[in-house]
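Chains as they are written, first to last, in the numbering used here: chain E, 723 to 1091; chain D, 9 to 131.
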C-alpha cells in the first residue's frame, strides 16, 4: 500500500483507527467502527465520506464546438448553469470509459467528476476529442471532496456552511465559503439518502472533516458502507456494472443516454435500444442472508445464464442482494435464479430496483427544518 | 476440559467425548461483521480437516474446517437470525456446533498458548 496515493485526510483516518486498504491507486478507509454500523448510521443520521480520491477536471471553452460533446452520452450544452448531470464517457464500441457527473459552472465552463482508478485515462481520452481554443485541466490533486450523506444532513450543513439549503434541488449546486475560500456544494451523492458533496481546495479538507465530526450526529463511513449503501438503492459501480465492454443499454441505464444526440457510439446504442441486447442487467434478492458476490455464476436450473456484477448482504433488508448481467429473457421480475460459487448455492429471485425504498435523496424538503 | 485451535482459526472445547466447535475471536475480528452462518445438520458426520460449514461476513465467505472427526449432535440455530453473535462472543455464545467426537485426535491442533503465539506471527 506504500506506493498508493494518500488523500489529505489520510492521517485523520489513521488517528480514528480506520482499516486502510488499497483502492483505485489510493490508500482508503474501508471501515471505522464497522461496516454494518456505518451503513445504518448513514440511513438514520449523517455520515461523512472521504472521496478526495475522485478526479475533477475543469473545462473552459466553447462547449458545442470544442469536440467534447462527441465523448459524452448526453448533451452537456443543455444542462443549465447551476445544475449537474450524471452520464457516461463513451468509447467508440458502445462501452463506457467512465461514468461521470458534469457540473455546468458557466455557459462556457464545466467541472467533470470522474472515478479515481480511471482518472488519468479519462483525462487523456477526453483531451483527444478537443480542438480550437479551450482550457482543459486535471485539478484532482488540488481538489478535496467530502460527501455528507444522511436524512439529517441538511441540518448539519446549515450549521457549518452558509447557503440556501432549503431551496436547493436534487442535482443542483451552490457556492459557499469556508475559511474565506470558495467552495462548491452539490445536492448529490451515492447513498440514496439526502446528501451533499463538498468540493474545496485540499488545504481545507482536514479542518472541514474535523469540524463536521464535531457534531454528535455525524460519523465517518468507509468504502465498505459506501458500497452497501449504493447497492441497496441499485446504483452502478464503474468496473463492475459498467466497463469498456458493457454498454449503458446492457447495463440497464438507457435513462442516462440521449438517443437523439450524436456521439462517438450513438448509432450502436440506438440499435441496441431498438433491437434489444443479448445480455441484460438484473437486480435480484436472495431468499436468505447469504451474500452473492462479484463474479459468482448465475444459473437458471442447469443453464449458466450470466454472472453477478455486485453483491452484498443488505443490513436494511437482512437479505443478500445483487446486480448481474444475464442472457436476455431471464430479466422478468420474479424469475427464479440460482447463484453458485464453490459449495455455496443461493436461491434468489429477480426483483425491482431500488432494493431499499425509503431513501431520502429525492425527498422534497418542506419547511424550515 | 481442554480447548484446542486449528491454524484455520476454529476452536474445539473437549469434555469427555463431547466437543463444541466455533471460530476464534481473531477470525471473527478479521472477517468483520458476520452476516450469515451456514450451519451443518444434526446427524451430519464430519471429518477432521474437511469443510463442514461456512461463515460469511460483509467482506468475505470463509469455510469452516472440522477440528476433529465426529457426529453433529446440536447446532446453534440462534445464529440463523443473529449471526452477529459470533462477532460479539466468538468463543462462547457464538459457538456453531456440538459433536460427539469419534476420534480424540489432538494432532496438528494448537493449545491456547500456541494459538496466541501463532496469530502474533500473522498480519
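Glycine residues also receive a C-beta, built at the ideal position from the N, C-alpha and C atoms.
Identify every residue that forms a DSSP beta bridge with residue 860 of chain E.
-> E:779
First through last residue of the beta strand (DSSP E) which encompasses residue 991 of chain E = Segment 988-997 is the alpha helix (DSSP H) holding residue 991 of chain E; no beta strand (DSSP E) there.
Using the DSSP secondary-structure output, state which residues sit across from residue 810 of chain E in a beta bridge.
-> E:821
Using a threshold of 8 Å, state whether the C-beta atoms of residue 934 of chain E and residue 882 of chain E are closer than that.
-> yes
Contact check, residue 62 of chain D vs residue 46 of chain D under 8 Å by CB: the rounded distance?
-> About 5 Å separates the two Cβ atoms, so the contact holds.
Report yes or no: is there a C-beta of chain D within less than 8 Å of the C-beta of residue 733 of chain E?
-> no
For residue 1051 of chain E, the three-state DSSP class (helix, strand or coil) | coil
If contact means a Cβ-Cβ distance below 7 Å, which residues of the segment 28-48 of chain D contact chain E?
-> 40, 41, 43, 44
Contact set for residue 759 of chain E: own chain, Cβ-Cβ below 7 Å, skip 5 residues either direction = If you ignore the 5 residues before and after residue 759 of chain E, its C-beta comes within less than 7 Å of no other C-beta in its own chain.
Say whether chain E places a C-beta atom closer than 8 Å to the C-beta of residue 116 of chain D.
-> no
Going by other Cβ atoms of all chains shown within 10 Å of its Cβ, with 16 needed for buried, is residue 1026 of chain E buried or exposed?
-> exposed
Okay, do the segment 775-785 of chain E and the segment 936-951 of chain E touch, 3+ Cβ pairs below 8 Å being the bar?
-> no
Residue 989 of chain E: which of E:817, E:1079, E:1014 sits nearest, CA to CA?
-> E:817
Is the beta carbon of residue 29 of chain D less than 8 Å from the beta carbon of residue 50 of chain D?
-> no
Going along chain D, which residues have a C-beta under 8 Å from residue 753 of chain E?
-> 40
Chain E contact for residue 112 of chain D (CB, 8 Å cutoff) = no
Can you tell me the Cβ-Cβ gap for residue 109 of chain D and residue 72 of chain D, rounded? I've got them flagged as a contact below 8 Å.
-> Between residue 72 of chain D and residue 109 of chain D the Cβ distance is about 17 Å, and since that is not below 8 Å, they are no contact.
Look at the Cβ atom of residue 44 of chain D, then the Cβ atom of residue 1010 of chain E, and state whether they are nearer than 8 Å.
-> yes
With a floor of 3 residues, list each beta strand (DSSP E) that falls wholly inside the segment 62-95 of chain D, ordered by position along the chain.
-> 69-73, 77-83
Cα separation between residue 825 of chain E and residue 838 of chain E?
-> About 18 Å.
Return the CA-CA distance between residue 916 of chain E and residue 903 of chain E, expressed in angstroms with no decimal places.
-> Going by the C-alpha atoms only, they are around 25 Å apart.
Mind checking if residue 1035 of chain E is an interface residue toward chain D, Cβ cutoff 8 Å exclusive?
-> yes
Neighbour flag for residue 1013 of chain E against chain D, beta carbons, 8 Å | So, interface residue.
Presumed contact (8 Å Cβ cut-off) between residue 1016 of chain E and residue 1033 of chain E, rounded CB distance = 7 Å
Touch check for the segment 884-891 of chain E and the segment 786-795 of chain E: three-plus C-beta pairs under 8 Å?
-> no
For residue 1010 of chain E, decide whether its Cβ has a neighbour in chain C, counting only Cβ atoms nearer than 8 Å.
-> Absent here is chain C; the protein component of the structure consists of chains E and D.
Is residue 1008 of chain E near residue 1041 of chain E, with beta carbons less than 8 Å apart?
-> Cβ atoms of residue 1008 of chain E and residue 1041 of chain E: closer than 8 Å.
Where residue 899 of chain E and residue 1054 of chain E are concerned, what is the direct C-alpha to C-alpha distance, given to the nearest angstrom?
-> Roughly 49 Å separates the two Cα atoms.
Report the neighbours of residue 91 of chain D on chain E: residues whose CB is nearer than 8 Å to its CB, in chain order.
-> 1011, listed in chain order.
Selection from E:741, E:743, E:1043, E:734 that minimises the alpha carbon distance to residue 930 of chain E = E:734
Reference residue 771 of chain E, options E:830, E:870, E:901, E:996, closest by Cα | Relative to the Cα of residue 771 of chain E, the nearest Cα in the group E:830, E:870, E:901, E:996 belongs to E:870.
For residue 1021 of chain E, which option in E:1066, E:821, E:1036, E:741 has the closest C-alpha, if you only look at C-alpha atoms?
-> E:1066
Closest by C-alpha distance to residue 906 of chain E, when choosing among E:808, E:894, E:956, E:944 = E:894
Could you tell me if residue 977 of chain E is buried or exposed, where buried requires 16 or more neighbouring beta carbons within 10 angstroms of its beta carbon?
-> Residue environment analysis places residue 977 of chain E among the exposed positions, since fewer than 16 neighbouring C-beta atoms fall within 10 angstroms of its C-beta.
Note down, in chain order, each residue of its chain lying with its Cβ closer than 6 Å to the Cβ of residue 21 of chain D, except the 5 sequence neighbours on either side.
-> 11, 28
How many whole angstroms separate the CB atoms of residue 852 of chain E and residue 788 of chain E, which I take to be in contact at a CB cut-off of 8 Å?
-> That pair is a contact at about 5 Å.
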